[in-house]
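Using this note's numbering, you'd call the opening residue of the sequence shown number 1 and step up by one each time. Notes to accompany the following structure.
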Amino acid sequence: MFIGSVHHLEDGHVNYPEAIWKSLEYLRDHDFTKMADGSYDVDAAGRIKANVQRYTTRPVSECRPEAHQKMVDIQYIVEGEEYMGWCPISPDLVVSEEYDEKKDVGFYAALVPDSDIVLVPGGFAVLYPEDVHRPQGAVEDAPQQVTKVVVKIPVDLL
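Spelled out as structure tokens, the structure:
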């Protein structure tokens, strides 16, 4: 996993893979407050998708750790704030729901070890298949409305 802000993409500190760079530019260059919830093509081939969603964050205890195998996620906050839990894939994790190949997601009982970051507007987290993450957590147990975009990038594009 790596985190950053779309406001600092041009600082030149990170050499992102092309598919991630294209996706981050897409996030920076669109006003998602004026877009409806749904899926949008990031690339002309339609392989990279940006999913706009609005929801209320929840207590962290109600959020489920998950991981993907076929896709890299970029989770980007437009409005609001949320806790994003994270840990690397390890033998210490207990599977709570087996990986579903069709949905490209598997769930875990808990993050081991449990690390949290707060994503704020303009902030993003890039999550690879080895990154277990727990999205949608309420900051300081105070649920709030969030507008978020989750970009899905096939791992074979990296």
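Backbone N, C-alpha and C fix where the C-beta goes; we use that ideal spot for every residue, glycine too.
Since I believe residue 70 is in contact with residue 154 (beta carbons under 8 Å), could you give me their beta-carbon distance rounded to a whole number of angstroms?
On the sequence shown, position 154 is the one that residue 154 refers to. On the sequence shown, position 70 is the one that residue 70 refers to. Yes, they are in contact, since the Cβ atoms of residue 154 and residue 70 sit about 6 Å apart, within 8 Å.
Could you check what DSSP says for residue 68 in three-state terms: helix, strand or coil?
Here residue 68 corresponds to residue number 68 of the sequence shown, with the count starting at 1. Of the three classes helix, strand and coil, the one that applies to residue 68 here is coil, per DSSP.
Taking just the CA atoms, how far does residue 152 sit from residue 159?
This structure does not reach residue 159, given that the chain is present from 1 up to 158, and the question cannot be answered.
Stretch-stretch touch, CB-based, cutoff 8 Å, three pairs: the stretch 93 to 101 with the stretch 142 to 151
No, they do not touch.
Specify, as a first and last residue, the run of the beta strand (DSSP E) that residue 117 falls within.
The residue given as residue 117 occupies position 117 in the sequence shown. 115 to 119 is the span of the beta strand (DSSP E), which, as asked, contains residue 117.
Run of the beta strand (DSSP E) containing residue 128, from where it starts to where it stops:
In the sequence shown, residue 128 corresponds to position 128, counting from 1. Unbroken run through residue 128: none, as it is neither H nor E.
Neighbourhood of residue 90 by C-beta, 7 Å cutoff - its chain only, sequence neighbours within 5 removed:
By one-based count along the sequence shown, residue 90 stands at place 90. Cβ neighbours of residue 90 beyond the five flanking positions: 112.
Just list the beta strand (DSSP E) runs in the stretch 78 to 114, keeping only unbroken ones of 3 residues or longer that don't cross its boundaries, in chain order.
82 to 88, 95 to 100 and 105 to 108
Local Cβ density within 10 Å of residue 131, reported as buried at 16 or more and exposed below that:
Along the sequence shown, read from residue 1 onward, the residue named residue 131 stands at position 131. Label assigned to residue 131: buried.
Is it the case that the Cβ atoms of residue 107 and residue 58 are separated by a distance below 8 Å?
As a working note, residue 107 is residue 107 in the sequence shown. As a working note, residue 58 is residue 58 in the sequence shown. No. Outside cutoff.
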